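For reference, the structure is listed below as structure tokens.
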Amino acid sequence: MGSAKELDNANPTILSASELQSQRQRRKGRDASAKEEGIREILMAKPSYALDPFYLSEYSDTDSDDDSTLEPIDEQEIYDLIAPISDPEHPLSLESLGVVKLQDVHLISPPDLANPAALSRVLVELTPTVTHCSLATVIGLGVRVRLEQALPPSYRVEVKIKKDTHSQSEEVNKQLADKERVAAALENANLMGILRKMMEPCQD
Amino acid sequence: MEDKNIADWMNTSDPSQQKAIVDDIAGRLDLAALKISQVFLGLQPYLTNEDQPLPQIAQALRLLADVLNQLQAPLDRIDIHQLTTYFCQRLVNEDRLGSFRAGIKECAEILSALAKMKPKFPSTDARLIAQAIFSFNIERNLRDQKAATRRTLLELLDTLIQLYKPSLIINGSSKAFVEGVVLMGEFEKDPTCLGILLPMYEKLSKEWELSEDALLLIWDSFVRYYPITISGQNASVPTPDDLRRFLLNCFISNDTYAKNAFPRLIELLDTSQDLSANVKNEVFRTMETCITSYSLPAVLEWAPKVWDSVKFEVWNGENDEFIRGALNVIHGITRALSSQADWNDTENPSVKIVLSILNECKERLIDSRQRHVVETGKILYAVATASPYGFSWATRMLLPSMFTHWQGLVSKSDKTAILGIFNRILEARLLVEQELEAKLRDEASSQATPRGDGLSPPTRADYLSQSKDRLASTLNETRRNLVDDIYFSAMTEKISDSPDGTQFRVTTIQGLVFLMSIQDLLSDFEKGAIIESLNEILLQPNQIDSLSEAAASALQKISTGDPVKFQQITLVNFMSKLPKSISADKRQRKSELDSVIDLLDSLTKIACTATCNAETGQSATETDPKHYVFDVYQKALLSKLFDIIKQDGQLPYANVILGAIYRGLVSFDGVLDKELKSTHSAKPFVSSLHPYAWIPLTLLQQFVKIKHGPTNSETPYVGLDLPLDKDEVVDRFVSLLGDIITLALRSNQTTAENNFLNSRDVQSPNVSSQIWSLFVENAPENLNSTQQDLIYGPGDKCLASALSMSLVAGVRREDKSRLKIDVGNAALAMIKNATSTQNECSLYARVSMLYFLQLLVNKFGAAEEKIGGRSLVEIMVDLIHSCNSNPNELEVERYYQTLSYFTAAALACRDKSDQTLISLMVQGIKDPKAGRKVARSFRILLGPSKVMCKENFCLLRPIRQGRLFQFAVEEFIKLWRAYSFELQGDPNAKDIKTNCLIALTGCLAYMDTKVYLSHVNEVFPLILEGTNVQNDDFTKLACITIIRTLVPVCPGVIESHLDSVINRMTDRTHNTYYSPSDANVASRAAALEVLALLPRHIDKVAMLKRKNKVISELDTALADVSMEVRTQAQKCKMWYFNLVE
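If you're matching them up, the sequences are chains P and G in order. The first sequence stops at residue 204 when you use UniProt numbering, and every number in between is there. The second sequence stops at residue 1141 when you use UniProt numbering, and every number in between is there.
Next up, the structure:
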């Protein structure tokens, strides 16, 4: 993170692919669908006549109730939303630069998930690659905009610089928490251009 | 005569006429019916007339050039000399005549034709020509000539160099000639000219004994082009790669250039900031070529400086390509220096250089600790793979200090880095050994001819042999440290679950594979211990994926190299972990089966993904010993399966074992297929022996039996002997068994010679077809007529028939005679069986009857077969017509079901009955009871089928889609409109309309968009309507998917229905606790994909008007209960976020 012309950190530490995976702690059996076809897939394969309507119950062609399993939004999902955002200075994701970390995503959900009026709170703490990073505010803004766009309206988003990771964290945090300043910043076409560029990988 | 010919020539531009004139003159010259002087005299008026236009002069000269090139016999020596002198004068043009300025290219061509008239051409005239060309260059500025002219002059010079080298050397010196050539190249930039000039430089430098001065002149001339960026634009011009190669050949054409080349290249690297990536890569390539091409003295002088210039690229560089380039140079240095035979002498200059490189590596490893470990490992690899001696010194110099260094390391990442270097050294050892063995093989097979290395054949053989001995002994010196202290200790070291720990273990495993691959390095006990430790990793439950993969991959490589150890250790370990039986408790059983599956998945990967590269000298079956590992594994699985099946309630377990057999077969068949393609001419081990037909045959032998009815008085039949279980469990077992049979039969390994179906009883026509007998011994003789009758079951006979279908599925179309069944009768029997309501057969058995019918119709033309005077199609039509009066609803449904399978098969092969059959189905959707199912059955017509597929040699003609559109979709549109308007009063109108939508969607779901694109305006309203169909997830999803496909293809149509599209999609995506959606997860996600496509393909203004409405719905979708839906909503929201004015 740094200014566009003179890089604050020209040679940032980049996490390897295995380190990124570790944040998801993929163990055997957890993500079986991603594996190549093995014995399990052969045994679980739909029968060859799955398309045959004469073998389905009369006047109903509805799958088993796939909504029966609730998949509430969790920290991993929120992390996955912001991980691909690209750094404005390097063509690298915030995840690979270590700016966002799974353990720094905090979510407080209401006890009753079925209540649409109940609010959830999300706190994301960012770790700039250098303590004097001049683009910390832009990145924080990017994360905030991304979450506000991608989470339901009932989620309140707070983005902060992690303690002791930036020389001006208080000032940056103040800016990121100030709704009016954020709204005013989003009126700025240049800034919006930068934010859109940062969020391009999120559309893949 | 000549005057007329020449006049004609001058007046025509017709190529055919010109050719005739040239042929005529040349022919008569060859026959001595004409003299060249006559031709020349005839041309004179055109050549010397100062008033003649220059193109006319060139035209006249062209005639002479073409005639001379056409001649079969050379001219007289005097004529040649006179012509040469004349045309040289024209080139020199001392009197500066205007007419002599014309036709320079033609002059050059004439001189070239004359020069090629060896031996008549006076060799002293070569110098005359060369001087004329050089004089022309100096006096009349070659630069002004066209590239084609310059090229012809250069070609002329090249001809002289090739044919008259001694004549071009004046007073023992070639310098004057070289100066002339270099002057010609002074300004040259044309690729075609460079394509001649550069090889000329190469020839001069390499073959002429030039002075230092002359060589310097040439160097200065060609080095200007380095790195060459000139390129041609059409095919006749040398490519950039050609020019690069020509220039590189100039660099290495003479050792003298080394003292110019290396400083120049080093300088280019030193100023690397200004170099483009291409240039830098080119510099590395040139350096590598130079270092491996110059003679040893030149290399000795420059190698240290080259090393100094490239080493930092490896240690400090960031660009992988540059690092690779630098490593190639380092590899080249060692390779070039390795040509020196005596490497034991540390005072030898070659050895000294390599030792100094290794010393620097050593310092880096020890002093800088972890900073350059990986990079230093790469350098070591580059040195060690260059030659046996390079390897020997690399290990002698580095290994002891690396061992010491290893002892002091604590963190796993540091250890992994050093282990990576050990791995590279072992890998280098294998590579060098392979290279040496290849050379020794070459040596043994080649005749005793001297080669470029200057060694006599016996000396070379000795040298290679000594190298091999030296290589073998190298690691022996450090074996204990390497094996015990490094790898075995690393393998037993405890690791955490962290990425560092995992990577450490994975790197160790990779090294163990190298250790195992080095001949005679490890004892049998050590090899066994390694295999045991790898087995342990895989047998540990919940192992980390990357660790399991590394262990399985390592065991696969080890097993193919040592098949017996696989059989004795790995196979025994894994099979002993399989439970004898599984629990009856559902939850417990699932967990036990999961463990078995994981274990067998690993074992399948080890045993079935490669053939053996080392042979045991014996085979596990009668097949190729290279299949040893696969064979013993499959045998073990079969044995386990037969044990399990004896126990009650163990069929689910048996299914897993059978699944493993099938999975292994699929993998191994792929491996054999790849090998078959890569070694096309290679003959199989035994051509009459199928590599794995023994597997399905053993299975059939075990499970297929001759059965009798309950009273023992019924006709005996072929049935399956399986334990009792739920239908779906038994069905899974039979289906897997069928898949194995089909796979074996349809495999590319199955040839006419080794095809096991009906091959044994070819000589006994009375024996029942194996399609029915399923290879059972002593099958009843009347089986051909009795076995296909399944109207009354029983269930096990119906299941046996499913296996018969599997056999038919694997038979090629051209092998119809191999079936040995009456196709028409069998197809009719299958119709009767499938529609019977009196047999108690399972779902799979019943659908197999329908597949059987499809295969007979599609592959073997059963539709038109006559049975009792009626064709099969007519019989089918009669059955459907009988539905109106048939009170048995189940039977009616089965008729329509059979019709849909029959139609699909006929449509796919474009049988002439397809229209009739489709029309019957279209009418069927109006049936008040069966109509809905008939409508849904349209999806069978084009939908994917596991049985009626190309892999099973079925005919799937592309035209089927167009025909279905014509005969069905157009009808549905008409019907839907009719029941929407004129027939809307019909009590069944609503249902029929819905059926139309369902049937239409069933067709379009699997149809290429281009088939209906021209009718999209008529189809689209129905597709939109289809998204609203209730209780039919297939139709809903298919409609949304079709819309998703159409948005980018025909945005205009979407735009004209934009609000409807948005409303239909948001109706689906709106899924809240209080207002749940009628669409399932897949449909909701697909609807969001449609919404996401709109801002990209639909008019921005139109979309901006609707943006807020869509965003409001997207906010709802962002809170969907399904993560898949939310993910799509998140992506979609970004498109609308970016949609601004």
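Quick reminder that beta carbons are idealized off the backbone N, C-alpha and C, glycines included. Model, not experiment: these values are computed from the prediction.
So residue i is in the beta strand (DSSP E); what residue range does that whole segment cover?
i: P:E125; result: S120 to L126
i: P:H106; result: V105 to I108
i: G:G719; result: Y717 to L720
i: P:K160; result: Y155 to I161
i: G:I706; result: V704 to K707
Rounded to whole angstroms, what's the CA-CA distance from residue i to residue j? Just pull it up for me.
i: G:D238; j: G:L160; result: Here the sequence assigns Pro to residue 238 of chain G, which means Asp is not the residue at that position. Roughly 22 Å between the two C-alpha positions.
i: G:L61; j: G:Q82; result: 16 Å
i: G:D601; j: G:E318; result: 40 Å
i: G:L471; j: G:L521; result: 12 Å
i: G:S135; j: G:S339; result: 47 Å
i: G:I144; j: G:F222; result: Here residue 144 of chain G turns out to be Asp, not Ile, going by the sequence shown. Between G:D144 and G:F222, the C-alpha separation is close to 21 Å.
i: P:E180; j: P:Q149; result: 17 Å
i: G:P987; j: G:A834; result: 32 Å
i: G:F953; j: G:V947; result: 10 Å
i: G:S123; j: G:G42; result: 28 Å
i: G:S885; j: G:I918; result: 21 Å
i: G:G709; j: G:P716; result: 7 Å
i: G:E1089; j: G:P887; result: 46 Å
i: G:K4; j: G:T84; result: 26 Å
i: G:H814; j: G:L955; result: One point to set straight first is that residue 814 of chain G is Glu, not His, in the sequence displayed. Cα to Cα, the separation comes out at about 12 Å.
i: G:T416; j: G:N535; result: 22 Å
i: G:S276; j: G:D190; result: 23 Å
i: G:R936; j: G:R1064; result: 22 Å
From which residue to which residue does the alpha helix (DSSP H) around residue i run?
i: G:L1046; result: D1033 to V1049
i: G:I537; result: D524 to L539
i: G:W307; result: L296 to N316
i: G:H881; result: L872 to H881
Once the 5 residues before and after residue i are set aside, which same chain residues still bring their CB inside 7 Å of it?
i: G:Q1030; result: D1078
i: G:G649; result: A584
i: G:L405; result: The sequence given here has His at residue 405 of chain G, not Leu. Once the five neighbours on either side are set aside, the close Cβ partners of G:H405 are L365, I366 and I418.
i: G:S773; result: V718, A779 and L783
i: G:G452; result: The predicted model places G:G452 with a pLDDT of 48, which falls under 50 and marks its position as unreliable, so this point remains unresolved.
i: G:F121; result: I80, L114 and A115
i: G:A148; result: K105
i: G:G185; result: L197 and S221
Give every residue of the same chain whose Cβ lies closer than 8 Å to the Cβ of residue i, excluding the five residues on either side of it in the sequence, and list them in chain order.
i: G:A862; result: V823, G824, A826, A827, L853, L856 and L872
i: G:V530; result: Checking the displayed sequence, the identity of residue 530 of chain G turns out to be Ile instead of Val. Closer than 8 Å at Cβ, skipping near neighbours: M491, L512, L515, M516, L522 and I558.
For residue i, I'd like the list of residues in its chain whose CB is within less than 6 Å of its CB, leaving aside the five on either flank, ordered along the chain.
i: G:C996; result: F972, L975 and W976
i: P:E158; result: L123
Shorter than 7 Å, the distance from the beta carbon of residue i to the closest heavy atom of the ligand PLP, or not?
i: G:A108; result: As far as ligands go, the structure on display features none, and thus does not contain the ligand PLP.
* Any 3 or more C-beta pairs closer than 8 Å across the region 178-186 of chain P and the region 136-156 of chain P -> yes
* Asked: In chain order, what residues of the region 714-736 of chain G put their CB closer than 9 Å to some CB of chain P?
  -> E728, D731, R732, S735 and L736
* To do: Give the residues from the region 928-941 of chain G that approach chain P closer than 7 Å (Cβ to any Cβ), ordered along the chain.
  => R932, K933, R936, S937, R939 and I940
* Taking three-plus beta-carbon pairs below 8 Å as touching, is the region 671-680 of chain G in contact with the region 735-743 of chain G? -> no
* Does the region 687-696 of chain G come close enough to the region 741-752 of chain G to have 3 or more Cβ pairs within less than 8 Å? -> yes
* Quick one, which residues of the region 147-160 of chain P are near chain G if we go by CB-CB under 8 Å, in chain order? -> Q149, A150, L151, P152, P153 and S154
* Give a yes or no on contact between the region 751-759 of chain G and the region 800-820 of chain G, applying the rule of three or more CB pairs nearer than 8 Å. => yes
* Contacting positions in the region 580-605 of chain G - beta carbon closer than 8 Å to chain P -> D594, I597, D598, L600, D601 and T604
* **Near-chain P residues of the region 660-677 of chain G - C-beta to any C-beta below 8 Å** => A660, Y662 and R663
* Asked: Along the region 74-96 of chain P, what residues have a CB closer than 8 Å to any CB found in chain G?
  -> E77 and L81
* Closer than 7 Å, Cβ to Cβ, to anything on chain P: give me those residues from the region 819-843 of chain G, in chain order. => L843
* Three or more C-beta pairs below 8 Å linking the region 66-85 of chain P and the region 1115-1133 of chain G -> yes
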